[in-house]
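When you number the sequence shown by numbering that gives the first Met the number 0, it's gap-free, plus one each residue, and the end is 76. Report on the structure given below.
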Amino acid sequence: MFEAFVLAHIPRDILEGLFVVAIGGMLVSVIRKVASGEMKANSCPQCHRPTSSAYPFCRHCGASLVSSDSSRNRSTR
Ligand SMILES: [Zn+2]
């Protein structure tokens, strides 16, 4: 009786363990990104308002958000 009870509950415990590991891994990756400054809010060099680096231009004033480093690398090729 006891062995059957244990066998029936092992798969659920494994699933719960995987779930905890997956959530923990996600949290760790997010914390690492924040700590390394990867998710730091981007601000426009022209109007200094927060904007997203996903757009090539500022949503507020239309200034180019492409960094000088990337344009310099592009011109060397
Ligand atoms: Zn702007």
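Backbone N, C-alpha and C fix where the C-beta goes; we use that ideal spot for every residue, glycine too. The structure presented is a predicted model; accordingly, all values stated were derived computationally and were not measured.
Have a look at the options and flag the residue whose alpha-carbon is nearest the alpha-carbon of residue i.
| i | options | result |
| --- | --- | --- |
| Pro44 | Ile22, Leu64 and Ala3 | Leu64 |
Alpha carbon to alpha carbon, how far is residue i from residue j?
| i | j | result |
| --- | --- | --- |
| Ala53 | His59 | 14 Å |
| Leu14 | Arg48 | 45 Å |
| Leu17 | Gly61 | 46 Å |
| Ser69 | Val27 | Residue confidence is low: Ser69 scores 47 on pLDDT, short of 50, so the model does not pin down where it sits. Its coordinate-derived value is still stated next. The alpha-carbon atoms of Ser69 and Val27 are separated by roughly 29 Å. |
| Arg11 | Ala3 | 14 Å |
| Ile9 | Ser42 | 50 Å |
Can you list the alpha helix (DSSP H) stretches of 4 or more residues lying completely in the segment 38–65, in chain order?
Every candidate alpha helix (DSSP H) stretch fails here, since none sits fully inside the segment 38–65 while reaching 4 residues.
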